[in-house]
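Asker: Which chain is which? The protein sequence lines are A and B, in order. Just so you know, this note's numbering puts 234 at position 234 of the first sequence, and the rest follows in order with no gaps. In short: position in the second sequence from 1, add 324, done, that's this note's numbering. So that we are looking at the same thing, I have put the structure below in structure tokens.
2 protein chains.
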Amino acid sequence: MNEFDLIQQFFSHANSNRTDVALGIGDDCALLQPKSGNQIAVTTDTMVDGIHFDSRLSPADLAHKLVAVNLSDLAAMGAEPCWVSLALTLPTSDSNWLTEFGAMLAERLQHYGVSLIGGDTTRGPLTLSLTAQGQLPAGTAMIRGGAKPGDLILVSGSLGDAALALQQDKLVALPAASIASLEQRLFRPTPRVELGLAIRALANACIDISDGLSADLNHILARSSAASGELLGAVIDADKLPVSATAVTVLGAKRAALNGLKGGDDYELCFTVSPDSLQPVLAAAEQCNTRVSVIGEINQTGQLAVQYQQQQLDWQAQGYLHFS
Amino acid sequence: MNEFDLIQQFFSHANSNRTDVALGIGDDCALLQPKSGNQIAVTTDTMVDGIHFDSRLSPADLAHKLVAVNLSDLAAMGAEPCWVSLALTLPTSDSNWLTEFGAMLAERLQHYGVSLIGGDTTRGPLTLSLTAQGQLPAGTAMIRGGAKPGDLILVSGSLGDAALALQQDKLVALPAASIASLEQRLFRPTPRVELGLAIRALANACIDISDGLSADLNHILARSSAASGELLGAVIDADKLPVSATAVTVLGAKRAALNGLKGGDDYELCFTVSPDSLQPVLAAAEQCNTRVSVIGEINQTGQLAVQYQQQQLDWQAQGYLHFS
Chain A
1 MNEFDLIQQF FSHANSNRTD VALGIGDDCA LLQPKSGNQI AVTTDTMVDG
51 IHFDSRLSPA DLAHKLVAVN LSDLAAMGAE PCWVSLALTL PTSDSNWLTE
101 FGAMLAERLQ HYGVSLIGGD TTRGPLTLSL TAQGQLPAGT AMIRGGAKPG
151 DLILVSGSLG DAALALQQDK LVALPAASIA SLEQRLFRPT PRVELGLAIR
201 ALANACIDIS DGLSADLNHI LARSSAASGE LLGAVIDADK LPVSATAVTV
251 LGAKRAALNG LKGGDDYELC FTVSPDSLQP VLAAAEQCNT RVSVIGEINQ
301 TGQLAVQYQQ QQLDWQAQGY LHFS
Chain B
325 MNEFDLIQQF FSHANSNRTD VALGIGDDCA LLQPKSGNQI AVTTDTMVDG
375 IHFDSRLSPA DLAHKLVAVN LSDLAAMGAE PCWVSLALTL PTSDSNWLTE
425 FGAMLAERLQ HYGVSLIGGD TTRGPLTLSL TAQGQLPAGT AMIRGGAKPG
475 DLILVSGSLG DAALALQQDK LVALPAASIA SLEQRLFRPT PRVELGLAIR
525 ALANACIDIS DGLSADLNHI LARSSAASGE LLGAVIDADK LPVSATAVTV
575 LGAKRAALNG LKGGDDYELC FTVSPDSLQP VLAAAEQCNT RVSVIGEINQ
625 TGQLAVQYQQ QQLDWQAQGY LHFS
């Protein structure tokens, strides 16, 4: 028994006492009892020091973001989040770090009714990897490959603030509260769990926006084309992209739209619905107090086109890092 | 899409085409369909460069060991191994490394009928973390906390060769084949998956031996005492510990037994059975072509005692690194 075996004490309260955890931390395996007939949705996301985050993120931020990025993947399937396993590699067993990280991990998991069921804690360069599992009735998951020509394209929340928070040189003139609000989006994103569950029966395809809207929408087009045998495309009205007032202040309206189109790390949902389902989707989103915006349409052009004020935009030439 | 997003090509063949994988790699989550009424057993083990392994291990060794240490935890519960998620952090996207690692990963998973269902590949210091999942009928798992007074204690295979392989200064006089055989035990352990399934209905408690027999048997005693409200203990006949001829050659019989008692990383199973179940257990082990040895008995002394040739051994004073 070494110091790293003892670390589980910091995570002992990260347990929401789910009745479907037949055996939790402390044996060779955890034992879970999924609801009969349900499917299990599984995702893994890793965050590495110096690659995915820097010293601006506190241990609490790291716990918050680690839970968010994983639960965002469950949300994109419309799965109910249930259980997580944590692989934590740490340079030293720093009890202040562990206390702060463990408290936020517990708070976030409690918030979503999720249990920490196990994992492994090892010594080494700071690396955090979470495997999150959810449940949903068989055959009901939203997948990337279900988009159909004529579907409307929607996104939740607003886009681009996380990417803008990384461009520190642009933010120097901003009030501290505006910077804090951008950093909140980068450090502590909100996974759209409730929205994912609410639209599961209504949406044809869904993905969470981690690589940027244009990249992630392209994933939907590629998988849906492969699934249907049709060459699908899309047109986006960039002026309809939901962006924050801060982004418009810093970048101007058009660049804020481009930033929303290409910036990553927002963890919003992008999903497609047949026009018939729009009203029920808007009602479901309102029930969740989550803003959703119609931003475009799936077509059969085989490419992703972007318009701004009815003008075709040569958006791929306007590289994300260079459009300023 | 960066080079690390493309790495999944190296793992595309690590898929045993299980019919219970409704959706595999390539969406926000994998979707699994457990058998109705089954429980899911989940375990995570991480291996960090410079901590858990060194440059003596090839990429193929790493893949082999990563699968083995995780499937060993499933074996200890008696679960059928089904699905794994890989969190791989790599300094560079080295295609030779990835090809060799991916090929052995696929070979090992295929061997056990397990599918790679997803994960995450990131840039950073070499760290490998696997989350493995198995299935078993609800209520049938072997746990650490089920040992009862009077139970016989058994172990599979032989003990101590992995620990001996680390003591390179002791091995200089050995033939190369003997060193290779010891290193095989350290670098490419065999998880006792088939044995775990075969004894599941017969054993009262089980653990896999990763920290060393004495440490892991103490885990059984602690959990079984907590579960039963009795203060359980055990007596081990160290001369009955299964050790290799090479270990006896290098260390002598008594020190080989102590090495087997304390050395870790063998990934054998230690389990307890009521005397009535001994014959069926021996028959089940023979069906699996796996040697098992009776090495002691659970009692109510509240401590772990070790005998050698009927003499009580003050084994805790004989530290693992110092007994030579």
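Note that CB positions come from ideal geometry on N, CA and C, so glycine has one too.
#1: Name the chain B residues whose beta carbon is nearer than 9 Å to that of THR127(A)?
#2: Assign VAL496(B) to one of two classes, buried (16 or more other C-beta atoms within 10 Å of its C-beta) or exposed (fewer than that).
#3: List the endpoints of the continuous alpha helix (DSSP H) containing PHE425(B).
#4: Taking ASP265(A) as the query, report the chain B residues whose CB atoms sit under 8 Å from its CB, ordered along the chain.
#5: Say whether chain A places a C-beta atom closer than 9 Å to the C-beta of MET570(B).
#6: Suppose you measure from the CA of ARG255(A) to the CA of TRP315(A); what does that come to, to the nearest Å?
#7: Have a look at PRO499(B), SER549(B), ALA427(B) and flag the residue whose alpha-carbon is nearest the alpha-carbon of THR570(B).
#8: Are there 16 or more other CB atoms within 10 angstroms of the CB of ASN341(B), so buried, or fewer, so exposed?
#9: Can you name the start and end residues of the beta strand (DSSP E) that ASP120(A) belongs to?
#10: List, from N- to C-terminal side, the alpha helix (DSSP H) runs of 4 residues or more that fit wholly inside the segment 578 to 622 of chain B.
#11: Measuring CB to CB, does VAL67(A) end up less than 9 Å from THR131(A)?
#12: Where does SER396(B) fall in DSSP's three states?
#13: Under three-state DSSP, which class holds GLY458(B)?
#14: Between which two residues does the beta strand (DSSP E) harbouring VAL243(A) extend?
#15: Give the interface partners of GLN357(B) over in chain A, defined as CB-CB distance under 7 Å, in chain order.
#16: Taking the straight line between their C-alpha atoms, what separation do you get for LEU555(B) and GLY626(B)?
#17: My output table needs one value for GLN332(B): the three-state DSSP class, helix, strand or coil.
#18: What residue range does the alpha helix (DSSP H) around LEU488(B) cover?
#19: Roughly how many angstroms lie between the CA atoms of GLY118(A) and GLN9(A), to the nearest whole one?
#20: Quick check on the burial criterion: 16 or more other C-beta atoms within 10 angstroms. Buried or exposed for LYS586(B)?
#21: Under 9 Å between the Cβ atoms of LEU537(B) and LEU575(B)?
#22: Starting from ASP638(B) and walking both ways along the alpha helix (DSSP H), at which residues does that stretch end?
#23: Under three-state DSSP, which class holds LEU217(A)?
#24: Name the residue from LEU258(A), LEU278(A), PRO137(A) whose alpha carbon lies nearest to the alpha carbon of ILE153(A).
#25: In terms of alpha-carbon separation, which member of VAL48(A), LEU258(A), ALA106(A), ILE236(A) lies closest to SER293(A)?
#26: Less than 6 Å between C-beta atoms, sequence neighbours within five positions excluded: which residues of the same chain meet that for SER129(A)?
#27: What residues from chain B crowd round ASP27(A), counting only those whose CB sits closer than 7 Å?
#28: Does the segment 87 to 102 of chain A come into contact with the segment 33 to 40 of chain A, if we say contact requires no fewer than three beta-carbon pairs (one atom in each stretch) closer than 8 Å?
#29: On the DSSP bridge list, what partners appear for LEU232(A)?
#30: Give the interface partners of SER382(B) over in chain A, defined as CB-CB distance under 7 Å, in chain order.
#31: Ends of the beta strand (DSSP E) at VAL372(B)?
#32: In the segment 166 to 201 of chain A, which residue ranges form an unbroken alpha helix (DSSP H) of at least 4 residues, counting only runs that do not cross its ends?
#33: Given this structure, state the Cα-to-Cα distance separating PRO473(B) from ARG380(B), to the nearest angstrom.
#34: 9 Å is my cut-off, CB to CB: does SER360(B) come that close to chain A?
#35: What residues from chain A crowd round VAL366(B), counting only those whose CB sits closer than 7 Å?
#36: Going along chain B in order, which residues have a C-beta closer than 8 Å to the C-beta of MET77(A)?
Answerer: Taking the coordinates as given:
#1: Mapped onto the first sequence, residue 127(A) falls at position 127. Going along chain B in sequence order, the residues near THR127(A) (Cβ under 9 Å) are THR370, VAL372, ALA411, THR413, THR446, GLY448, PRO449, THR451, SER453.
#2: Residue numbering aside, residue 496(B) sits at position 172 when the second sequence is read from its first letter. The residue in question, VAL496(B), is exposed, as its Cβ has fewer than 16 Cβ neighbours within 10 Å.
#3: For the purposes of this step, residue 425(B) is taken as the residue at position 101 of the second sequence. Segment 419 to 436, the alpha helix (DSSP H) holding PHE425(B).
#4: Start at 1 with the first residue of the first sequence, and residue 265(A) comes out as number 265. In chain order: nothing, as chain B lies at least about 14 Å away.
#5: In the second sequence, counting from the first residue as 1, residue 570(B) sits at position 246. Looking at the sequence shown, residue 570(B) is not Met but Thr. So, not an interface residue.
#6: The sequence position of residue 255(A) within the first sequence is 255, counting from 1. The sequence position of residue 315(A) within the first sequence is 315, counting from 1. C-alpha separation (whole angstroms): 11 Å.
#7: In the second sequence, residue 570(B) corresponds to position 246, counting from 1. Measuring from the Cα of THR570(B), the nearest candidate turns out to be PRO499(B).
#8: Walking along the second sequence from the start, residue 341(B) turns up at place 17. That one is exposed.
#9: Stepping through the first sequence from its first residue, residue 120(A) is reached at position 120. Looking at the DSSP string, the run of the beta strand (DSSP E) that includes ASP120(A) is 115 to 123.
#10: 602 to 611
#11: One-based indexing of the first sequence puts residue 67(A) at position 67. One-based indexing of the first sequence puts residue 131(A) at position 131. No, Cβ-Cβ distance for VAL67(A) and THR131(A) is not below 9 Å.
#12: For the purposes of this step, residue 396(B) is taken as the residue at position 72 of the second sequence. Here SER396(B) sits in helix by DSSP.
#13: Reading the second sequence from its first residue, position 134 is the one you call residue 458(B). It is a strand residue.
#14: Taking the first residue of the first sequence as position 1, residue 243(A) is located at position 243. First-last for VAL243(A): undefined, no H or E at that position.
#15: Taking the second sequence and counting its residues from 1, the one referred to as residue 357(B) is at position 33. GLN39, ALA138, listed in chain order.
#16: As a first step, residue 555(B) must be located in the second sequence, where it is residue number 231. As a first step, residue 626(B) must be located in the second sequence, where it is residue number 302. Their Cα atoms are separated by approximately 5 Å.
#17: Locating residue 332(B) in the second sequence gives position 8, where the first residue counts as 1. Looking at GLN332(B) - three-state DSSP - the assignment turns out to be helix.
#18: Locating residue 488(B) in the second sequence gives position 164, counting from the first residue. Unbroken alpha helix (DSSP H) run through LEU488(B): 485 to 490.
#19: Counting from 1 along the first sequence, the entry for residue 118(A) is found at position 118. Counting from 1 along the first sequence, the entry for residue 9(A) is found at position 9. So the alpha carbons of these two residues sit roughly 12 Å apart.
#20: In the second sequence, counting from the first residue as 1, residue 586(B) sits at position 262. It is buried - the Cβ of LYS586(B) has at least 16 other Cβ atoms within 10 Å.
#21: If you number the second sequence from 1, residue 537(B) lands on position 213. If you number the second sequence from 1, residue 575(B) lands on position 251. No, the Cβ-Cβ distance between LEU537(B) and LEU575(B) is not below 9 Å.
#22: Taking the first residue of the second sequence as 1, we reach residue 638(B) at position 314. Looking at the DSSP string, ASP638(B) is not in any alpha helix (DSSP H), and its letter there is neither H nor E.
#23: Taking the first residue of the first sequence as position 1, residue 217(A) is located at position 217. It is helical.
#24: By 1-based counting over the first sequence, the position of residue 153(A) is 153. Minimum Cα distance to ILE153(A) is reached at LEU278(A).
#25: Here residue 293(A) is taken as the residue at index 293 of the first sequence, counted from 1. Per the Cα distances, ILE236(A).
#26: As a working mapping, residue 129(A) is identified with position 129 in the first sequence. Within the same chain, and ignoring the five residues on either side of SER129(A) in sequence, the residues whose Cβ sits closer than 6 Å to its Cβ are THR46, ALA87.
#27: Within the first sequence, the letter at position 27 stands for residue 27(A). Within chain B, the residues near ASP27(A) are ILE467, ARG468.
#28: Below 8 Å, too few C-beta pairs join the segment 87 to 102 of chain A and the segment 33 to 40 of chain A to call them touching: fewer than three.
#29: Walking along the first sequence from the start, residue 232(A) turns up at place 232. Answer by DSSP bridge pairing: none, since LEU232(A) is not bridged.
#30: Translated into the one-based positions of the second sequence, residue 382(B) becomes position 58. Residues of chain A passing the Cβ test: none, with the nearest at roughly 20 Å.
#31: Within the second sequence, the letter at position 48 stands for residue 372(B). Per DSSP, VAL372(B) belongs to the beta strand (DSSP E) from 362 to 372.
#32: 176 to 187, 193 to 199
#33: Within the second sequence, numbered from 1, the residue matching residue 473(B) stands at position 149. Within the second sequence, numbered from 1, the residue matching residue 380(B) stands at position 56. So the alpha carbons of these two residues sit roughly 43 Å apart.
#34: The residue you call residue 360(B) lines up with position 36 of the second sequence. Yes, SER360(B) lies at the interface with chain A (some Cβ there is under 9 Å from its Cβ).
#35: As a working mapping, residue 366(B) is identified with position 42 in the second sequence. Going along chain A in sequence order, the residues near VAL366(B) (Cβ under 7 Å) are CYS29, ALA30, LEU32, SER85, ILE117, GLY118.
#36: Working through the first sequence from its first residue, we reach residue 77(A) at position 77. Under the 8 Å cutoff, chain B gives ASP351, ASP352, CYS353, LEU355.
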